[in-house]
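> Numbering (my numbering), first residue to last: -7 to 332.
Using N, Cα and C, we set each Cβ at its ideal position, and we do this for glycine too.
Please see the structure below; I have some questions.
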């Protein structure tokens, strides 16, 4: 290597060693923000605001976004720029509730849905925002399906484009069964269980009628909650919802014809309408992000952050996602379009 490369290697090694030593001298690792050398390398990682449109500080519109599968990867809000971060989004919803200057919310949706629990968490927080007389408008972009529709249902107004894929109202819980293949290969399952239903959903034996009944009732209960959320949010009867909630997808025009959305339009159209409806023409529009230096997105910065325990490794993140959405051996119900 030439001299410049050796210097770069020594600098990188020095940063790594210094950061590692500093981690033992840092304060409580559970702190929500970073300080000292961590802050110098990565930024404070506190939630900050970026102004999208200038306007009055006393009446502001928070512009939020769900982009990607609604799943909790187990990450905190640090380094949340890499795809959808569930905890960071919940933190944003809490910020809205605690900020008296926020007069309205515009939520942009681009998701096929996701976890039943995570979708319910978001929907609950949105209803609490609305309970404080803060209107919430939703603008669906490419996709606002299944769990994406679940979290949108209570919105004061829902926008979608003609090209938006939405609907898919329902629940899916998928698994695989290898029992016939095992029989053909002469492989015998040896499972010891305390009761006949302890291994429901097992991939190594054929499901019994009782298995199927219990699993179907579980899925139906989740579906009933979905129907109730849509009925309450869209001011429809549950029978009306069930007629259109058989899992099928709709484009924007079909969704409007079935009263699942209010207007056709893009996010900018939704924002204009929100301002007009709520007399917020002069409101400031802002969004949230995390204060970082960007160093964590480099190879070295990512490795240091993982070593210090403030960022998950790709492997840990993947394992957390698998744990939360289920596996063929342990399927979980999902408000999700497209199978699992």
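CA-CA distance, residue 342 and residue 81?
With the chain covering only -7 through 332, there is no way to say anything about residue 342.
> Hey, quick one: how far does the beta strand (DSSP E) through residue 151 stretch, first residue to last?
149 to 152
> Are the Cβ atoms of residue 126 and residue 163 separated by less than 8 Å?
8 Å or more divides the Cβ of residue 126 from the Cβ of residue 163.
> Please name the residue, chosen from 138, 84, 193, that lies closest to residue 240 on a Cα-to-Cα basis.
138
> When the distance is taken between beta carbons, is residue 221 closer than 8 Å to residue 115?
yes
> Per DSSP, which one or two residues make a beta bridge with residue 276?
52
> For residue 59, which residues does DSSP report across the bridge?
102
> Please name the residue or residues paired with residue 131 in a DSSP beta bridge.
100, 151
> Give the DSSP-derived three-state secondary structure of residue 327 in the structure shown.
strand
> For the stretch 200 to 207 against the stretch 152 to 159, are there 3 or more C-beta pairs whose distance is under 8 Å?
no
> Can you check which of these residues, 131, 99, 113, 117, is closest to residue 86 by C-alpha distance?
The residue with the shortest Cα to Cα distance from residue 86 is 117.
> Report buried or exposed for residue 76, applying the criterion of at least 16 other Cβ atoms within 10 angstroms of its Cβ.
buried
> Pick helix, strand or coil for residue 136, following the three-state DSSP scheme.
strand
> If you draw a straight line from the C-alpha of residue 246 to the C-alpha of residue 84, how long is it?
32 Å
> Following the continuous alpha helix (DSSP H) through residue 226, name the residue where it begins and the one where it ends.
201 to 226
> According to DSSP, is residue 175 part of a helix, a strand, or is it coil?
Collapsing the DSSP output to three states places residue 175 in a helix.
> Can you tell me whether DSSP reads residue 118 as helix, strand or coil?
helix
> Looking only at its own chain, which residues have a Cβ that is under 6 Å from the Cβ of residue 20, when we skip the five neighbours before and after it?
Below a pLDDT of 50, predicted positions are generally treated as unreliable, and residue 20, at 46, falls in that range; the measurement from the model is reported next regardless. Result list for residue 20: empty, nothing under 6 Å.
> Given residue 214, which residues of its chain have a CB within under 6 Å of its CB, disregarding the five upstream and five downstream residues?
108, 163, 325
> Smallest Cα separation from residue 57: which of 131, 51, 160, 89?
131
> So, with DSSP's three-state summary, where would you put residue 257?
coil
> Which partner residues of residue 236 appear in the DSSP bridge assignment?
None, per the DSSP bridge assignment.
> Which word fits residue 22, buried or exposed, when buried means at least 16 other C-beta atoms lie within 10 angstroms of its C-beta?
Interpretation of residue 22 is limited by its pLDDT of 45, a score under 50 that renders its predicted location unreliable; the figure taken from the coordinates is listed afterwards. Answer is exposed; the Cβ neighbour count stays below 16.
> To the nearest angstrom, how far is the alpha carbon of residue 253 from that of residue 186?
48 Å
> Grouping DSSP H, G and I as helix and E and B as strand, with all else coil, what is residue 242?
strand
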